[in-house]
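Chemist: Dropping a structure here in C-alpha cells format, bear with me for questions.
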Amino acid sequence: MAAALVTACSRPLANYHPSVWGDRFLHNTPKSTDTEAREKQVVEELKEDVKRELKEALNDYTRQLKMVDAIQRLGIEYHFEEEIEEALQNVLEQFDDYCKNNHEMYTTALSFRLLRKHGFRVSCQIFDKYKDNEDGFRVPDSDKVIAVLEFFEAAHLRIHGEDVVERFRSANKVIICTRPFSGDLLLGFGSLF
C-alpha cells in the first residue's frame with residue numbers, strides 16, 4: 052500500500068527552455084600562476100597609488116573628504132584603514148576653522164558624517180549657519196541637490212537632543228520626496244575629485 056502512494060504522488064516535471072547563456076559559466080578554467088601573480092602585482096600597485104593619492108590630498112580638505120567617502124562607498128576601506136584614520140584626524144584638526152570660514156553645505160555635511168561615523172565627537176552647531184528666519188533652513192545655490200542628499204545622510208548620525216539636525220533632516224526629507232527631478236537639480240553632481 053505504501054508503494055502505491057509513492058507512485059501516485061509523483062511530481063510533474065517542468066519543461067523549462069534552455070538558458071540563453073548555455074553552460075558558459077559552468078566551465079571553470081584555473082588561472083595560470085603567471086596570470087595570478089600579475090593580477091596580484093597590479094592590485095598592489097593600485098593600492099599604492101590610492102595610498103599616495105590620500106597622502107597628497109592631506110593639504111586639500113575637500114579632496115581628502117571625497118576620497119575617503121569614495122573609498123568607503125566602494126567597500127575597499129579595509130585596505131586603507133591607517134591612511135583613512137590619518138586623513139580623518141587631519142580633517143578633525145581643521146574642522147572647526149574650515150566650517151566657520153566656509154559655507155558649502157555639502158563639504159560641511161560630508162565632514163560631519165564621516166567624522167561621526169568614525170566615532171569623533173563633533174558638534175552639530177556647525178549647521179546653525181544654514182538656518183533661516185523661519186523654522187527651516189537655506190541651501191546655498193552653489194551646492195544644489197548633492198548638499199541636500201549629503202546632509203540627509205549626515206543627519207542620520209545625530210545624537211539624542213540635537214534638535215537642529217532633526218529639524219533639518221525632516222525638512223530635507225520633505226525636499227527630497229516632493230521636489231521634482233529636473234536638469235538643474237543634477238548640477239551638484241560633478242566629478243568626485
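Position one of the sequence shown corresponds to residue 52 (the working numbering), numbered consecutively onward.
Beta carbons: idealized from backbone N, C-alpha and C, even for Gly.
Remember, predicted model here, so these are calculated numbers, not experimental data.
(1) So, are the CB atoms of Gln115 and Ala138 less than 8 Å apart?
(2) Identify, in the order they occur along the chain, each residue of the same chain with its Cβ nearer than 8 Å to the Cβ of Phe131, setting aside the five sequence neighbours on each side.
(3) Could you tell me the alpha carbon to alpha carbon distance between Arg172 and Thr84, rounded to whole angstroms?
(4) Rounding to the nearest angstrom, what Cα-Cα distance links Arg167 and Leu208 in this structure?
(5) Should Ile135 be labelled buried (16 or more other beta-carbon atoms within 10 Å of its own) or exposed?
(6) Among the candidates His169, Cys175, Pro81, whose CA atom is the shortest distance from the CA of Asp147?
(7) Inspect the beta-carbon positions of Arg35 and Glu128 and report whether they are closer than 8 Å.
(8) CA-CA distance, Arg62 and Ser70?
(9) Candidates Gly170, Cys150, Val142: which alpha carbon is nearest Asp179's?
(10) What number of angstroms, rounded off, separates the C-alpha of Asn153 from the C-alpha of Phe202?
(11) To the nearest angstrom, how far is the alpha carbon of Val119 from that of Gly126?
(12) For Ser162 and Val93, what's the separation of their Cα atoms in angstroms?
(13) Taking Cβ to Cβ, would you say Tyr181 is nearer than 8 Å to Val142?
(14) On the CB-based measure, 16 or more other CB atoms within 10 Å of its CB, does Ala108 come out buried or exposed?
(15) For Ala20, name the three-state secondary structure that DSSP assigns.
(16) Would you call Ile177 buried or exposed, if buried means 16 or more other Cβ atoms sit within 10 Å of its Cβ?
(17) DSSP three-state call for Ser174: helix, strand or coil?
(18) Between the alpha carbons of Arg124 and Thr86, how many angstroms are there, rounded?
Modeler: Result, derived from the coordinates:
(1) Closer than 8 Å, so yes.
(2) Counting only Cβ-Cβ distances below 8 Å, and skipping sequence neighbours, we find Lys98, Val101, Lys102, Leu105, Ile122.
(3) Spanning the alpha carbons of Arg172 and Thr84 requires a straight line of approximately 48 Å.
(4) In this structure, the alpha-carbon of Arg167 lies about 7 Å from that of Leu208.
(5) It counts as buried.
(6) The candidate whose alpha carbon is nearest that of Asp147 is Cys175.
(7) Coverage of the chain is limited to positions 52 through 244, which leaves residue 35 absent and any answer about it impossible.
(8) Arg62 and Ser70 have their C-alpha atoms some 23 Å from each other.
(9) Taking only the C-alpha atoms, the option nearest Asp179 is Cys150.
(10) Their backbone Cα atoms lie some 15 Å apart in a straight line.
(11) Approximately 11 Å between the Cα atoms of the pair.
(12) The alpha-carbon atoms of Ser162 and Val93 are separated by roughly 32 Å.
(13) Contact flag unset, no.
(14) In this structure Ala108 is buried. Its beta-carbon is surrounded by 16 or more other beta-carbon atoms within 10 angstroms.
(15) What the structure shows of the chain is the stretch from 52 to 244, and residue 20 is not part of that stretch, so it cannot be assessed.
(16) Buried, since its Cβ has 16 or more Cβ neighbours within 10 Å.
(17) Assigned with DSSP and collapsed to three states, Ser174 falls in coil, not helix or strand.
(18) Rounded to whole angstroms, Arg124 and Thr86 show a C-alpha spacing of 28 Å.
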